[in-house]
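In my numbering, the protein residues as written are 399 to 554.
Following: one structure in structure tokens, then a few remarks.
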Amino acid sequence: RGLKLAALGLLALPLSFGLGRAQEVVNRFDTASEVPYNPPQGWRYDFGGAGFANSWDGTQDANGNPLSGSMKVVISFNSSLGGNNKLAETTDRWYPGLNGADYSSLDFDIKIDPDSAPDAFGLNGYFAMVIRNTDNYNYNQQFADAVGVNYQVNMP
Numbered sequence: 399r400g401l402k403l404a405a406l407g408l409l410a411l412p413l414s415f416g417l418g419r420a421q422e423v424v425n426r427f428d429t430a431s432e433v434p435y436n437p438p439q440g441w442r443y444d445f446g447g448a449g450f451a452n453s454w455d456g457t458q459d460a461n462g463n464p465l466s467g468s469m470k471v472v473i474s475f476n477s478s479l480g481g482n483n484k485l486a487e488t489t490d491r492w493y494p495g496l497n498g499a500d501y502s503s504l505d506f507d508i509k510i511d512p513d514s515a516p517d518a519f520g521l522n523g524y525f526a527m528v529i530r531n532t533d534n535y536n537y538n539q540q541f542a543d544a545v546g547v548n549y550q551v552n553m554p
């Protein structure tokens, strides 16, 4: 029924869907009002056991624009590797649905605090972008990869 976007990550900067020649911008994070959940806009907790806090950071922008910023997500992971040590956030922007076939790409940037502890491979975590085709917790994974400090995603 509804297509919902859920992203596992630490910091998502401008996120946009490209529709043919036009572009539907989901968030540029130009102002703090784009971060809090205010249905259907904004971002909210979806699942996972890690604690988190969302805020707007006017000092960080993927394109260096001083009039823009980013959504900052601080995640409190448990130091043990077991359990539900993950976090997913989602937006209800397209409820009850969106025809993803109308879009040619999905582009966004992620920046992870360089002071974050790296994993055994020198990276800073794992990011996955999924699409939900129903109002339930089933999903179709669109993209997933281990991420470093600066990461760009372009999914045709």
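Here a beta-carbon is modelled for each residue, glycine too, at the ideal position from N, C-alpha and C.
Bear in mind that the values here come from a model prediction, so they are computed numbers and not experimental data.
With respect to the C-alpha of Ala430, the residue from Gly449, Ser503, Gly456, Pro464 having the closest C-alpha is Gly456.
According to the DSSP secondary-structure assignment, Lys470 is paired through a beta bridge with Ser453.
Within the region 490-536, the runs of beta strand (DSSP E) at least 3 residues long that lie entirely inside it are, in chain order, 503-509, 524-530.
By the criterion of a C-beta distance shorter than 6 Å, Gly523 is surrounded in its chain by Val545, once the five residues flanking it on both sides are discounted. Less than 7 Å divides the Cβ of Phe450 from the Cβ of Leu485.
Taking Met553 as reference, the option from Gly467, Gly498, Leu465, Lys509 with the minimal CA-CA separation is Gly498. Annotation for Arg442: the continuous beta strand (DSSP E) segment containing it runs 442-445. A Cβ-Cβ contact shorter than 7 Å links Phe506 with Val551. By the 16-neighbour rule on beta-carbons within 10 angstroms, Asp459 is buried.
Annotation: Gln539 to Asn483 spans about 19 Å, alpha carbon to alpha carbon. Phe427 sits buried, since 16 or more C-beta atoms from the chains shown fall within 10 Å of its C-beta. Under the three-state reduction of DSSP, Ala448 is assigned to coil, being neither helix nor strand. Listed in chain order, the non-local C-beta contacts of Pro512 below 7 Å within the same chain comprise Val547, local neighbours out to five positions each way being set aside.
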